[in-house]
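A.B. asks: In the working numbering, the protein residues as written are -9 to 444.
Glycine included, each C-beta is placed from N, C-alpha and C at the ideal position.
Take this structure, written in structure tokens, and hold onto it; I'll ask about it next.
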Amino acid sequence: MPGEILGRLHAGNSATRNTLELRIKIIGGGLAGCEAALQLACRGFEIDLYEMRKGAGKTPAHKTGNLAELVCSNSFKGTQLTSAHGLLKNELKTLGSFLLQAAEKARVPAGESLSVDRELFSKEVERLIASSGKITLHCEECVSLASKEPTLVAAGPLCSAALTEKIKELTGGEFLRFYDAIAPVIDSDSIDYSQAFAMNRHEKGETADFINCPLDKETYLEFVKRLQEADSVEEKPFEKKELFEGCLPIEEMARRGTDTLRFGPMRPVGLGKHYAIIQLRAENAQKTLYNMVGFQTRLKWNTQKEIFRLVPALKNAEFARLGSMHRNTFIESPKLLDNSLRLTTSHQPLTTPLYFAGQITGAEGYTEAIATGWYAAWNMANSLQNKTDLLPHGTCIRALVEAITAPNEDFQPMNFNFGLLPRPEGLRKGEKKDFFIKQNQKNLIIFTQCCPKN
Ligand SMILES: Cc1cc2nc3c(=O)[nH]c(=O)nc-3n(C[C@H](O)[C@H](O)[C@H](O)COP(=O)(O)OP(=O)(O)OC[C@H]3O[C@@H](n4cnc5c(N)ncnc54)[C@H](O)[C@@H]3O)c2cc1C
């Protein structure tokens, strides 16, 4: 099936091949930029791809000048359709992702996860770029967004200083962030509501929006002790401690005194007579995901799960995302981008369409970077050819993009997880994954059947 659909996609696109003289500029030869360049080349466009690490440019984390370098782990996570990343990868494969093909070629044995030899992976991506015949690689830093060509910014979480400055000027500055401070996000079905209650502090507001998870004195003291003793993820040399002072991780707050959390993010004031409380706030409109308010943390992932499950209402909590804090340049996509990843809000007049993809949009993770690269390329090509097809609702990529572009006053990067997918009311826990898989396949078939017209 995937091969067949891919064939049809490319057959549909070949109609436009060689008919376009239009050039597109892509800034960043990472995961998102390379996927987008290959997709757009396949649609017949001429691409100027800029990668500064091929020249004199460096980032604090990349070690080579290779295209699509994996900065840290060599894993694209699970492949099973019953896992969120497995479903996302299956979708990308169906849609003809070139970088996933490269990953399959560079695969190393790692059980059910797709892990790669990072050198071989980059070599394969470089081979695809070189053999496309339509991509001109510029081994230099791109420092301008003023361009005659439609442009895609895929400069990643470690975007160069000069380009960051240009993005800041364009977006007005207040919509650009340099660090993320991510609090854990919990699947709403896994909360024990018999141990929690819905209420806003001082009962303000018309609807009770917060889920409150109380802790008695004994549980609180144990919770704080475990936080005080817990191991954190080591900071990278370029992530200086003092930068986090304005937004302390909870383990650091716990270390400053037993009562610090009880007078900070766990204060019960205005919520009835409780010793301490953790508040959960809906992360999405469907209320399938809840965010632990004020719980940004650098604790190791397994430690987070162990400690947070001490809270009675969270004893069976399933985490759609765990907390993290690291250096990460990203724009406030909800205020700046539409759901095709095109910049719509700008402090300066735009001379040409400008799109964003990859981690800089707040889509967190390797596979998510590839997915948004594919998606931005698809939408750029369609818009330049006066077509409007978006991926349908219910697809993983569309759900991810909706999560990062929907209104959100407290926007932080998000990875793909099942909590983002739409589902009918009343679906039981055991039925969810089956539903997602069927819905996803149905949507993709409908979508790809339309492709030859495109
Ligand atoms: C330190 C660190 C570790 C991470 N580890 C993981 C992990 O283990 N697993 C995971 O799933 N995710 C991880 N991430 C998150 C994210 O998935 C990766 O950063 C991913 O590489 C993002 O893909 P991207 O294409 O958006 O950016 P990148 O892959 O970083 O690509 C952006 C490219 O743009 C280039 N560039 C920047 N500015 C310019 C310019 N002005 N001109 C020309 N080129 C430019 C850069 O050199 C870079 O090659 C990590 C992030 C960081 C910062």
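1) I'd like the ranges of any alpha helix (DSSP H) spanning at least 4 consecutive residues and lying wholly in the segment 121 to 182.
2) Starting from H75, trace the alpha helix (DSSP H) both ways and give me its first and last residue.
3) May I ask which residues mark the beginning and end of the beta strand (DSSP E) holding A367?
4) Helix or strand or just coil, what does DSSP make of P204?
5) Name the residue from E155, R299, G420 whose alpha carbon lies nearest to the alpha carbon of F165.
6) State the DSSP-derived secondary structure class of R191, mapped to helix, strand or coil.
7) So, do the segment 390 to 407 and the segment 316 to 327 have three or more beta carbon pairs nearer to each other than 8 Å?
8) Excluding sequence positions up to five away, which residues of its chain have a Cβ less than 8 Å from the Cβ of I427?
9) Between the C-alpha atoms of N433 and L85, what's the straight-line distance to the nearest angstrom?
10) Can E25 and I360 be called in contact, C-beta distance under 8 Å?
11) Hey, would you say the C-beta of V61 is under 7 Å away from at least one heavy atom of ligand 3?
12) Please report how far the alpha carbon of H192 lies from the alpha carbon of G260, in whole angstroms.
13) CA-CA distance, L148 and M42?
14) Of the choices I435, F346, P397, I436, whose alpha-carbon is the least far from that of G20?
15) Starting from the C-beta of G(-7), find all residues in its chain whose C-beta is less than 6 Å away, skip the five residues before and the five after it, and write them out in chain order.
16) Which residues share a DSSP beta bridge with Q269?
17) Would DSSP call T319 helix, strand or coil?
18) Applying the criterion that 16 or more other CB atoms from any shown protein chain within 10 Å of the CB defines a buried residue, is Q439 buried or exposed?
19) With a CB to CB cut of under 7 Å and the five nearest residues on each side skipped, what residues in its chain are close to Y356?
20) Give the C-beta separation of S180 and K277 to the nearest angstrom, bearing in mind that I take them to be a contact with Cβ-Cβ under 8 Å.
21) Is K226 near ligand 1, in the sense that its beta carbon is under 7 Å from a heavy atom of that ligand?
22) When you compare the segment 285 to 292 with the segment 300 to 308, are there three or more beta-carbon pairs, one atom per stretch, that lie closer than 8 Å?
C.D. replies: In brief:
1) Fully enclosed alpha helix (DSSP H) runs of 4 or longer: 151 to 161.
2) H75 -> alpha helix (DSSP H) spans 74 to 84.
3) First-last for A367: 356 to 374, but that is the alpha helix (DSSP H), not the beta strand (DSSP E).
4) For P204, the three-state secondary structure derived from DSSP is strand.
5) Taking F165 as reference, the option from E155, R299, G420 with the minimal CA-CA separation is E155.
6) Looking at R191 - three-state DSSP - the assignment turns out to be helix.
7) Counting Cβ pairs under 8 Å, three or more are found: they touch.
8) The answer, listed in chain order, is L71, T72, L77.
9) Distance from the CA atom of N433 to the CA atom of L85, rounded to whole angstroms, is 12 Å.
10) Result yes, Cβ atoms of E25 and I360 sit closer than 8 Å.
11) Absence of ligand 3 from the depicted structure is noted, with ligand 1 being the only ligands included.
12) So the alpha carbons of these two residues sit roughly 4 Å apart.
13) Those two C-alpha atoms are separated by around 12 Å.
14) The shortest C-alpha separation from G20 is found at F346.
15) Reliability fails at G(-7), whose pLDDT of 42 lies under 50, so the model's placement of it is uncertain and the value that follows must be treated cautiously. No residues qualify anywhere along the chain.
16) According to DSSP, Q269 bridges with N202.
17) Looking at T319 - three-state DSSP - the assignment turns out to be strand.
18) Its Cβ having fewer than 16 others within 10 Å, Q439 is exposed.
19) The residues are L21, L60, F66.
20) Actually they do not touch by this definition, with Cβ atoms about 13 Å apart.
21) Yes.
22) Verdict: no, contact absent.
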